[in-house]
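One structure is given below, encoded as structure tokens.
In this note's numbering, the protein residues as written are 12 to 207.
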């Protein structure tokens with residue numbers, strides 16, 4: 012089954028002070044491209060990046076390998092970015108959404124989520140680590156089409172929670188949420204120390 016990987020990078024990144032999508036990983040690779048690579052290596056095909064705030068300024072930094080989907084409604088609510096990704100790939104069998112700031116997720120984690128989804132293609136899947144739900148979300152096509160009907164400012168978490176199945180992955184990267192320059196500096200330090 013085809014699962015499209017979607018990197019959610021449409022927000023204004025106000026607390027970071029610069030677009031999170033362009034934060035530099037190893038060898039200067041923009042964070043959103045790095046996240047796209049993790050999704051691809053984990054088995055998602057194709058993989059796209061959803062941009063919103065400053066999209067036309069940010070877009071040229073990404074190679075054609077990672078198609079960009081522009082969400083003109085990004086300021087109306089987070090649900091609009093998931094909806095933009097779904098609308099760009101309406102025929103996909105499933106969708107795996109990864110926030111750009113969920114840094115440190117391993118490709119084997121993506122593989123584990125996709126394997127769990129293969130066991131029940133009708134279910135919504137969330138990875139968990141030590142009982143804490145992660146920031147990634149897998150939706151089957153039918154549920155993705157239902158998500159298109161949510162209002163722009165809907166809390167997707169609240170909509171998903173009653174229906175989601177969980178998959179224990181043992182990857183603390185799924186819990187990450189990098190919002191400030193201090194968060195980013197701490198991640199880079201730990202990333203360097205772990206040799207990843």
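All C-beta atoms in this analysis are idealised placements derived from N, C-alpha and C, irrespective of residue type, glycine included.
Original post:
What did DSSP end up calling residue 170 once you bin it into helix, strand or coil?
Top reply: helix
Subject >> One or two residues paired with residue 181 in a DSSP bridge >> reply: None, per the DSSP bridge assignment.
**OP:** Determine which residues share a DSSP beta bridge with residue 107 and list them.
**Re:** 16 and 149
Original post:
Excluding the five sequence neighbours on either side, which residues of its own chain have a C-beta within less than 8 Å of the C-beta of residue 28, listed in chain order?
Top reply: 192
Subject >> Cβ-based neighbour list, residue 145, same chain, cut-off 7 Å, excluding 5 preceding and 5 following >> reply: 137, 138, 139, 185 and 186
Original post:
Of the choices 88, 54 and 40, whose alpha-carbon is the least far from that of residue 126?
Top reply: 54
**OP:** With a threshold of 16 other CB atoms inside 10 Å of the CB of residue 25, please say whether the residue is buried or exposed.
**Re:** exposed
Original post:
So does the segment 62-82 actually touch the segment 150-162, counting three or more Cβ pairs closer than 8 Å?
Top reply: no
Subject >> As assigned by DSSP and simplified to three states, the class of residue 59 >> reply: strand
Original post:
Three-state secondary structure (DSSP) at residue 70?
Top reply: helix
Original post:
According to the neighbour-count rule (16 or more other Cβ atoms, all chains shown, within 10 Å of its Cβ), is residue 75 buried or exposed?
Top reply: exposed
Subject >> Whole-number beta carbon distance between residue 58 and residue 47, since they are thought to touch under 8 Å >> reply: 5 Å
Subject >> Buried or exposed by the 16-neighbour rule on C-beta atoms within 10 Å, applied to residue 109 >> reply: buried
Original post:
From which residue to which residue does the beta strand (DSSP E) around residue 137 run?
Top reply: 135-140
Subject >> Proximity to residue 179 [Cα-Cα], best of 43, 39 and 147 >> reply: 147
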